[in-house]
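In what follows, a structure is listed as structure tokens, so that the remarks can point back to it.
Protein chains: 4
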Amino acid sequence: MIIVLNKDATEAQIQHIIERTEKLGLKAHISRGMERTIIGFIGAEDALRMIPLEVFPGVENVMPVLAPYKLVSREFKKDDSLIKLDSKATMGGKKLVVMAGPCSVENHDGLLSVAKKIKAAGASVLRAGAFKPRTSPYDFQGLGEEGLKILHSVGKEIGLATITEVMDPRQVELVGRYADIFQIGARNMQNFSLLREIGQTRKPVLLKRGLSATIKDLLMSAEYILSEGNFEVMLCERGIRTFETATRNTLDINAIGVVKKLSHLPIVVDPSHGTGSWGLVPSGARAAVAAGCDGIMVEVHDNPEEALSDGAQSLKPDKFASLMEELKAIAKAIGREI
Amino acid sequence: MIIVLNKDATEAQIQHIIERTEKLGLKAHISRGMERTIIGFIGAEDALRMIPLEVFPGVENVMPVLAPYKLVSREFKKDDSLIKLDSKATMGGKKLVVMAGPCSVENHDGLLSVAKKIKAAGASVLRAGAFKPRTSPYDFQGLGEEGLKILHSVGKEIGLATITEVMDPRQVELVGRYADIFQIGARNMQNFSLLREIGQTRKPVLLKRGLSATIKDLLMSAEYILSEGNFEVMLCERGIRTFETATRNTLDINAIGVVKKLSHLPIVVDPSHGTGSWGLVPSGARAAVAAGCDGIMVEVHDNPEEALSDGAQSLKPDKFASLMEELKAIAKAIGREI
Amino acid sequence: MIIVLNKDATEAQIQHIIERTEKLGLKAHISRGMERTIIGFIGAEDALRMIPLEVFPGVENVMPVLAPYKLVSREFKKDDSLIKLDSKATMGGKKLVVMAGPCSVENHDGLLSVAKKIKAAGASVLRAGAFKPRTSPYDFQGLGEEGLKILHSVGKEIGLATITEVMDPRQVELVGRYADIFQIGARNMQNFSLLREIGQTRKPVLLKRGLSATIKDLLMSAEYILSEGNFEVMLCERGIRTFETATRNTLDINAIGVVKKLSHLPIVVDPSHGTGSWGLVPSGARAAVAAGCDGIMVEVHDNPEEALSDGAQSLKPDKFASLMEELKAIAKAIGREI
Amino acid sequence: MIIVLNKDATEAQIQHIIERTEKLGLKAHISRGMERTIIGFIGAEDALRMIPLEVFPGVENVMPVLAPYKLVSREFKKDDSLIKLDSKATMGGKKLVVMAGPCSVENHDGLLSVAKKIKAAGASVLRAGAFKPRTSPYDFQGLGEEGLKILHSVGKEIGLATITEVMDPRQVELVGRYADIFQIGARNMQNFSLLREIGQTRKPVLLKRGLSATIKDLLMSAEYILSEGNFEVMLCERGIRTFETATRNTLDINAIGVVKKLSHLPIVVDPSHGTGSWGLVPSGARAAVAAGCDGIMVEVHDNPEEALSDGAQSLKPDKFASLMEELKAIAKAIGREI
């Protein structure tokens, strides 16, 4: 931590800061420049984070030197983490993982039909929601446990790992009984009770970035899960909220490179939410693979017109299949595979 | 709902849309202009919201006519809602309600000391957190039930209503036992499980706007609570996330007027989070009162340097007291009182 | 300037950085912490700003210590600047200045009618555009020099100082001939050619904040004008672009306090653009005065339905007059006057 | 244009709106629903755009049906526009165009050295600034005409088309004398005087998206140029300003698909500004090509440590060359070429 003092900070103010921080076991290192005096601290920066240094008289600016996350950082673990999803699929290696399926579980036959097609096209994880976080209380809220059962049985039947959203700490046990991978949605990225509860399981979890979460915020939320002992975390870029209204969200393609630099965790991209419109999903998916993500998650529905949720951003299976061909070629172009 | 068709939409496409919507009991009303054909629907717009009209062939644009919220709307209830907080304080009338106190309950004596001072200055609700949503898992997370007990006892002793945050649907019963008013934090504004659980109580609740929530999103989250039967909802503007980095958040002062127009619910402003810096809290509070809010919520701490959370944005009691004098004068200038 | 080095930065890398910076006459000050080595520089930070230190091998992070602006800073000049607008009006003192008038000059009689009414209500500057920056090339672009003549003659006749926008460096001389105050619009805040040209005049100028300009950016643009010798600069907060769509812009009320802290220049608020809707203008104006601005600028039109531009955000004269009464009372409540 | 009326709009209000709009030659089409009455207008929507319908009593909401741009729209011209840059390079066809070079012209030998290398790697346009829009008046502002001369002579010598920024309408003639392509920078996207002046030339122009410009705003600015008769316009996505601070800008990869849908103009991506950091440029460039852009613009410098501007985001020539190999493979994967 570095403190920049006001131009007219007094010696008494400097002394007061030093006394307060030395109580925490830190050693202050003062540097008097022409324009400003600066104090650097040697020792555990975490201790300092607890003190609101900004309010100490004489302080102009406080600048942290270290990132506030530990376990998720590339510094903590140099090599990319590999997350084993089931006996066949592993996220984080040379081979990308494709997750696909409808927004919601609607019924057994519909899900089965989509599952077969996405598997044939090369996906290895089936996604579908049973508990749906909807902006309106009057919208379809998902089939609940019934939906989980359908997802589980279809996954088993077709041979696909399954992922589904968990919204409530009270549902963790239930969802964990049926699904292979937990999904934490964007709106719950900072639902800390849920993060802790998931952290106490040992199942893989996909943590989606919140609509207005910085990449640092996303990493801090992942840190909650790892700090409870669950290291099987995959991050997911799914678009952020900006002033642009031509698309539902702005897919932050830069996030891939930034996450790769800062963290050892795999990064997945969801171009369905990242664009909000099926016509833009293929270009978003291609961009994500080209930029170097470890997996993608795409909404696919046999008949988007009849989808109970997110129809507007769902691809039909044939469009998904031809997208997969493009993605394979792009992955190859950059030395990866799908 | 109005649908604008593509310039080259075919008759078959139009027919397909009409058939699909007539099944829902809606009557289509076609208007063929020079440049575009438009379809308006007469009947319950809610039914249409469930269908992804954007994906129907021939559709260029879908424009909702009605707001998606009902119970929270000014149209549903013309008069301002009055929320009774305790025997002395009511939110939503001519008299503004001031909520103040430390970010967190830290100990009994500290809270008692602040409570006396804020009451003397004119506040009628004591705020303090027992469960704290912290970005980092390593930060102080609140005293939990012990904190609730302290808050309760101090509130009783001094004669102030109490408000505290509830983060988890499993804590609703516990928090409700000790506090007079629930607070739902910005990060939980779309924690729909929590909203429903609070909706099933009959206690007043302050619902804070999410960092990237539009005013419409905020109203939809309030709708969740009202739709469960709890009409005692107060909205809270606490700053949104923008590109500006000079302040922690951007206090959206326009939200006051917009909420007043669209909804009958009271609107509170939190200038502490809305600015993130104690030096800006007074100007933010004055602006909020002048703009017409129904209440304000301010962080006050005897010794911000030692605060376990949010010290940087806490006012000292004497600054709070002089702010209150300014606020009283401003309220009077616009025909209200504090 | 402070440089934080990578955990594994080598001695050779450190040496390379020091050699490069010593050439610029700076003295490096190395501090080796447990986790990171930090280099602070003593000497003129401006020189360092020219070098892309981020690209030097071993550098993790570069943190400036000083603000990049000089002449506009509170550090350069402790006391508030007073800008004399004409023989009667001065901006920046205890008395606030109110600027009002139609968006565009439309004709002589219309402007004269509005001018009389705003003067009677207490405004001291007449605003109206002759050159209009319109998003669409097909919209009304202003009357040009004819408009300037009308503005000038009405200002003289009624006894009001006049302000009007200048969009093009080639118009500076022309506009300066007719108007008392230059206005630089939000879209031209970083039109550096225009800033320099205005900087070479000695007339007061109102510089509007760009839609996505940080407060620092705004100050840097003002620095362009001051650095050419024109110190008669007033800043203007007029709303920024955010994700919120309920209002045309988000009025950043915090900007008032931030500017007052960082700079000696006066700050004006434009609640017409800051809200985009006449119904919200009064609450925005009241908030601005309560927050401590030095002036406001309000669009007023006799018949907004017929306005050639910005009708939606224009107040009628009687609404403006009653707003002025509220503003006077609020100004008094905080020890100022209008 | 469609007007939604208030629930309690009166017949007199409706009549007033109809009379006003019929004067403009539009025919109103009234549809009375259960909840709202709606008025649709048949005839030239442009006329209506001039009236602030929002302020008419009884009006709740105004919804435009048509896009406000004409000449730039896909509706006006179905086929992709091809922009001929010089005898060898054309933008908008199957073959992508790569523009590369240093941020600024610094001297002849440096530019010549870079030009040779980028040409060898496959670029066909040399970029370098002679007039630089800098946030600070104290930063390097470019070599001016001297820079233009160097750019021109190096372009001729090596056989590359040249592009350089023009910031001021008074420079258009001068810049046009030396460069093959005009560049309008992000900060000047709504410098309407400059747009008009460029519109009166017949040279190709690259129009960069403003930091907070929606895609619609970008198209409207292009419309200014086309409306003056210059159809040789290329759009450029270069990152937008959002809340994310880990990168200088957020590269809006979705913009490529949106522009392709709405307009016939080619779209170029600038990953250097779009990321702000050389380490992220390759992933951004790969994403852009995969998403379907028509060209990219990349900053390349022999020695970024010594660059007079934008060193932090400049690639070294060897990194650029290996990026080009990846881009060729990706282009091939999606049926294009570089």
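Chains as they are written, first to last, in our numbering: chain A, 109 to 446; chain B, 109 to 446; chain C, 109 to 446; chain D, 109 to 446.
We treat Cβ as the ideally placed atom computed from N, Cα and C, and that holds for glycine.
Legend entry - Near-chain D residues of the segment 305-320 of chain C (beta-carbon distance less than 8 Å), N- to C-terminal order: Listed by position, the residues of the segment 305-320 of chain C near chain D (Cβ gap below 8 Å) are G318, L319, S320.
Inset, instruction - Establish whether the CB of E130 (chain A) and some CB of chain C are separated by less than 8 Å. - result: Counting from 1 along the first sequence, the entry for residue 130 (chain A) is found at position 22. No, E130 (chain A) does not count as interfacial toward chain C.
Inset, instruction - Please check the pair A208 (chain B) and F428 (chain B), which I expect to be a contact at CB under 8 Å, by giving their CB distance rounded to whole angstroms. - result: Counting from 1 along the second sequence, the entry for residue 208 (chain B) is found at position 100. Counting from 1 along the second sequence, the entry for residue 428 (chain B) is found at position 320. With 8 Å as the limit, A208 (chain B) and F428 (chain B) qualify as a contact, their Cβ atoms being about 6 Å apart.
Legend entry - Chain-ordered chain C contacts of F164 (chain D) [CB-CB under 8 Å]: Residue mapping note: residue 164 (chain D) aligns to position 56 of the fourth sequence, counting from 1. For F164 (chain D), the C-beta contacts it makes with chain C under 8 Å involve E413, in order along the chain.
Inset, instruction - For T353 (chain D), go through chain B and note every residue whose CB falls closer than 7 Å to its CB, in chain order. - result: In the fourth sequence, residue 353 (chain D) corresponds to position 245, counting from 1. Against chain B, the beta carbon of T353 (chain D) has neighbours under 7 Å at T353, listed in chain order.
Inset, instruction - Jot down the residue ranges of each uninterrupted alpha helix (DSSP H) in the segment 301-368 of chain C, minimum 4 residues, whole runs only, in chain order. - result: Complete alpha helix (DSSP H) runs here, min 4: 323-335.
Inset, instruction - Determine the extent of the alpha helix (DSSP H) in which G392 (chain D) is found, giving its start and end residues. - result: On the fourth sequence, residue 392 (chain D) is found 284 positions in, with the first residue counted as 1. Per DSSP, G392 (chain D) belongs to the alpha helix (DSSP H) from 389-399.
Inset, instruction - Apply the 10 Å Cβ neighbour rule to G267 (chain D) and answer buried if 16 or more other Cβ atoms are within range, or exposed otherwise. - result: Working through the fourth sequence from its first residue, we reach residue 267 (chain D) at position 159. Exposed, since its Cβ has fewer than 16 Cβ neighbours within 10 Å.
Legend entry - Chain-ordered residues of the segment 157-186 of chain D with a beta carbon less than 8 Å from chain A: Per Cβ criterion, the list is empty.
Inset, instruction - Consult DSSP for S212 (chain C) and reduce its assignment to one of helix, strand or coil. - result: On the third sequence, position 104 is the one that residue 212 (chain C) refers to. Looking at S212 (chain C) - three-state DSSP - the assignment turns out to be strand.
Legend entry - First through last residue of the beta strand (DSSP E) which encompasses S139 (chain D): In the fourth sequence, residue 139 (chain D) corresponds to position 31, counting from 1. Element bounds for S139 (chain D): 135-140.
Inset, instruction - Take E433 (chain B) as the anchor and find which of C:M199, C:M432, C:I438 has the nearest alpha-carbon. - result: Within the second sequence, residue 433 (chain B) is the residue found at index 325, counting from 1. Nearest Cα to E433 (chain B) within the set C:M199, C:M432, C:I438: C:I438.
Legend entry - Under 8 Å between C-beta atoms of L343 (chain C) and L315 (chain C): If you number the third sequence from 1, residue 343 (chain C) lands on position 235. If you number the third sequence from 1, residue 315 (chain C) lands on position 207. Annotated as proximal: L343 (chain C) and L315 (chain C), with beta-carbon spacing under 8 Å.
Legend entry - A238 (chain D) vs G250 (chain D) beta-carbon contact at 8 Å: The residue given as residue 238 (chain D) occupies position 130 in the fourth sequence. The residue given as residue 250 (chain D) occupies position 142 in the fourth sequence. Cβ distance < 8 Å, so A238 (chain D) and G250 (chain D) count as in contact.
Inset, instruction - Starting from the C-beta of A415 (chain B), find all residues in its chain whose C-beta is less than 7 Å away, skip the five residues before and the five after it, and write them out in chain order. - result: Your numbering for residue 415 (chain B) matches position 307 in the second sequence. Counting only Cβ-Cβ distances below 7 Å, and skipping sequence neighbours, we find P210, C211, H409, S422.
Legend entry - 8 Å Cβ cutoff met for I110 (chain A) and M171 (chain A): The count along the first sequence starts at 1 and reaches residue 110 (chain A) at position 2. The count along the first sequence starts at 1 and reaches residue 171 (chain A) at position 63. Contact: yes.
Inset, instruction - Show which residues of chain B have a CB atom less than 9 Å away from the CB atom of S391 (chain C). - result: If you number the third sequence from 1, residue 391 (chain C) lands on position 283. Result: I361, N362, I364, G365, K368, A398, A399, G400.
Legend entry - Rounded Cβ spacing between V367 (chain D) and S380 (chain D) (contact assumed at less than 8 Å): Taking the fourth sequence and counting its residues from 1, one reaches residue 367 (chain D) at position 259. Taking the fourth sequence and counting its residues from 1, one reaches residue 380 (chain D) at position 272. Incorrect: roughly 19 Å between the Cβ atoms, too far for contact.
Legend entry - Reference V180 (chain D), options D:E352, D:A294, D:A330, D:A155, closest by Cα: For this step, residue 180 (chain D) is matched to residue 72 along the fourth sequence. The shortest Cα separation from V180 (chain D) among D:E352, D:A294, D:A330, D:A155 belongs to D:A330.
Inset, instruction - Closer than 7 Å, Cβ to Cβ, to anything on chain A: give me those residues from the segment 232-251 of chain D, in chain order. - result: Along the segment 232-251 of chain D, there is no position whose C-beta sits under 7 Å from a C-beta of chain A.
Legend entry - Expected contact under 8 Å - CB spacing of D288 (chain B) and D194 (chain B) to nearest Å: Counted from its first residue, the second sequence places residue 288 (chain B) at position 180. Counted from its first residue, the second sequence places residue 194 (chain B) at position 86. Correct: roughly 6 Å between the Cβ atoms.
Inset, instruction - Give every residue of the same chain whose Cβ lies closer than 6 Å to the Cβ of V397 (chain B), excluding the five residues on either side of it in the sequence, and list them in chain order. - result: For the purposes of this step, residue 397 (chain B) is taken as residue 289 along the second sequence, with counting starting at 1. Annotation for V397 (chain B): L435, I438, A439 place their beta carbon closer than 6 Å to its own, counting only its chain and skipping 5 residues before and after.
Inset, instruction - Since I believe R349 (chain B) is in contact with T383 (chain B) (beta carbons under 8 Å), could you give me their beta-carbon distance rounded to a whole number of angstroms? - result: Here the question's residue 383 (chain B) lines up with position 275 in the second sequence. Here the question's residue 349 (chain B) lines up with position 241 in the second sequence. Approximately 13 Å separates the beta-carbon atoms of T383 (chain B) and R349 (chain B); this is outside 8 Å, ruling out the contact.
Legend entry - In DSSP terms, what G403 (chain B) is bridged to: Looking up residue 403 (chain B) in the second sequence gives position 295. G403 (chain B) has B:V205, B:V376 as its beta-bridge partners, per DSSP.
Legend entry - Beta-bridge partners of G148 (chain D), as assigned by DSSP: Start at 1 with the first residue of the fourth sequence, and residue 148 (chain D) comes out as number 40. Paired residues: D:I110, D:H137.
Legend entry - Backbone CA spacing between L204 (chain B) and G392 (chain B) [nearest angstrom]: Taking the second sequence and counting its residues from 1, one reaches residue 204 (chain B) at position 96. Taking the second sequence and counting its residues from 1, one reaches residue 392 (chain B) at position 284. Taking the straight line from one Cα to the other gives about 16 Å.
Inset, instruction - Indicate whether A294 (chain A) and R346 (chain A) have their beta-carbon atoms separated by less than 8 Å. - result: Translated into positions along the first sequence, residue 294 (chain A) becomes position 186. Translated into positions along the first sequence, residue 346 (chain A) becomes position 238. Yes.
Legend entry - Beta-carbon neighbours of G387 (chain A), restricted to chain D and to distances below 8 Å: Sequence index remark: in the first sequence, residue 387 (chain A) carries index 279 (1-based). Within chain D, the residues near G387 (chain A) are G365, K369.
Inset, instruction - Starting from the C-beta of T145 (chain C), find all residues in its chain whose C-beta is less than 6 Å away, skip the five residues before and the five after it, and write them out in chain order. - result: Working through the third sequence from its first residue, we reach residue 145 (chain C) at position 37. Cβ neighbours of T145 (chain C) beyond the five flanking positions: L113.
Inset, instruction - Starting from D419 (chain B), find everything on chain A with Cβ-Cβ shorter than 7 Å and list it in chain order. - result: For this step, residue 419 (chain B) is matched to residue 311 along the second sequence. In the sequence as presented, Asp is not what sits at residue 419 (chain B); that position holds Gly. Residues of chain A passing the Cβ test: P160, V163.
Legend entry - Residues bridged to A269 (chain B) (per DSSP): The residue given as residue 269 (chain B) occupies position 161 in the second sequence. Beta-bridge pairing links A269 (chain B) to B:V233.
Inset, instruction - For L431 (chain C), name the three-state secondary structure that DSSP assigns. - result: As a first step, residue 431 (chain C) is located in the third sequence; it is residue number 323 there, counting from the start. L431 (chain C) falls in the helix class under three-state DSSP.
Legend entry - Distance between beta carbons of F248 (chain D) and K240 (chain D), contact taken as under 8 Å: In the fourth sequence, the residue the question calls residue 240 (chain D) occupies position 132. In the fourth sequence, the residue the question calls residue 248 (chain D) occupies position 140. Yes, K240 (chain D) and F248 (chain D) are in contact; Cβ-Cβ is about 7 Å, under 8 Å.
Legend entry - Proximity to P425 (chain A) [Cα-Cα], best of A:L370, A:V222, A:F164: Indexing the first sequence from 1 puts residue 425 (chain A) at position 317. It is A:V222.
Legend entry - I191 (chain A) in three-state terms, based on DSSP: By one-based count along the first sequence, residue 191 (chain A) stands at place 83. Three-state DSSP puts I191 (chain A) in a strand.
Legend entry - Coil, strand or helix - N296 (chain C) by DSSP: Along the third sequence, one-based indexing puts residue 296 (chain C) at 188. In the structure shown, the three-state DSSP call for N296 (chain C) is helix.
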